[in-house]
Ligand code: HH2
């Protein structure tokens, strides 16, 4: 999933693609690099950010979605928490709603998605973007995030959204300390028990900056390391700004992970390694 933020203030690509023509060009580039999904957002959700009025959000994303729909076969997802934006985006050609509030911020979101037949990403967040990084606390972050996502799956199903249309996301960086983010990634495979594909958004996020002491423009290698390990732990969708670099790294990782042949017995059957 390639990220295109049509915003002035996103933490990494803010201002790069506010011009619709640039956003479309970026989308086409990411599709050519191998993105299966293009995630278009018109509101930054970085820590401390304020919501954007619905009309502004629509004005930012709709022309970009409509143009990309014409020019690429990649699926388009709309990154929004507002049903009105999602509805207009679906009408313009979006096939997936990526809702970082998992349908909690707008009571019309789940009925809308159910009626449209669109796919839905359900993400975990503690509080709102404005407050989420103010002293986040969990007794057991994996258990609690998993329980939340399980409840949101049930809620989505109760509105008639089809199980096969749901994707889940632990919400890296959304109300989590460095340790919470690392623990969620370490245990990412346990989210597969919820029976839905797992999406992760690790791209250039501040947890990488905390480990490396680097700003967002210098976090590509960190993103790749996290992406490869997320795939090894069963992630199905990686939400990234840098499709080509991550795709190349993941392709190599998958080739190694899928190795099993007469020359390469299944793991666990090899002779013990003697130094
Ligand atoms: N992260 C961001 C935005 N949307 N959606 C999902 N499902 N998962 C994520 O981890 C996720 C997301 C934040 O990244 P970005 O869009 O690059 O920044 P900003 O919110 O500042 O626009």
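In my numbering, the protein residues as written are 682 to 956.
Ideal Cβ positions, reconstructed from N, Cα and C, are used throughout, including at glycine.
Per DSSP, residue 862 is one residue of the alpha helix (DSSP H) stretching across 859-867. Residue side-chain check: residue 880 places its Cβ nearer than 8 Å to a non-hydrogen atom of the ligand HH2.
For the region 741-821, the continuous alpha helix (DSSP H) assignments of 4+ residues that do not extend past its boundaries occur at 764-773 and 790-797, in sequence order. By the Cβ criterion, the region 886-897 is not in contact with the region 757-775, since fewer than three pairs of Cβ atoms, one from each stretch, lie closer than 8 Å.
Scanning its chain for C-beta atoms nearer than 6 Å, with the 5 sequence neighbours on each side dropped, one finds around residue 804 the residues 781, 783, 850 and 852, in chain order. The continuous stretches of alpha helix (DSSP H) do not include residue 684, which lies in the beta strand (DSSP E) extending over residues 683-686. For residue 722, there is no enclosing alpha helix (DSSP H); the enclosing beta strand (DSSP E) has its first and last residue at 718-722.
Relative to the ligand HH2, the beta carbon of residue 888 is positioned no closer than 8 Å to any heavy atom. Looking at the DSSP output, residue 880 sits in a beta bridge with 918. Here residue 947 has 941 as same chain residues with Cβ atoms under 6 Å from its own Cβ, once five neighbours each way along the sequence are excluded.
The criterion of a C-beta distance shorter than 9 Å is not satisfied by residue 802 and residue 730.
Between the alpha carbons of residue 745 and residue 926 lies a gap of roughly 24 Å. Closer than 8 Å to some heavy atom of the ligand HH2: that describes the Cβ of residue 922. The nearest non-hydrogen atom of the ligand HH2 is 8 Å or more from the C-beta of residue 809. In the three-state DSSP reduction, residue 942 falls in the strand class (E or B). Relative to the Cα of residue 756, the nearest Cα in the group 733, 712, 865 and 694 belongs to 712. Check the Cα spacing between residue 938 and each of 914, 919 and 870: the tightest is with 914. Excluding sequence positions up to five before and after residue 724, its CB lies within less than 6 Å of the CB of 733 and 738, all in the same chain and listed in chain order. Remark: C-beta atoms of residue 702 and residue 685 do not approach each other more closely than 9 Å. Annotation: the continuous alpha helix (DSSP H) that includes residue 905 extends over 901-913. Taking a C-beta distance under 9 Å as the contact criterion, residue 715 and residue 747 do not qualify as a contact pair. Looking at the DSSP output, residue 847 bridges to 801.
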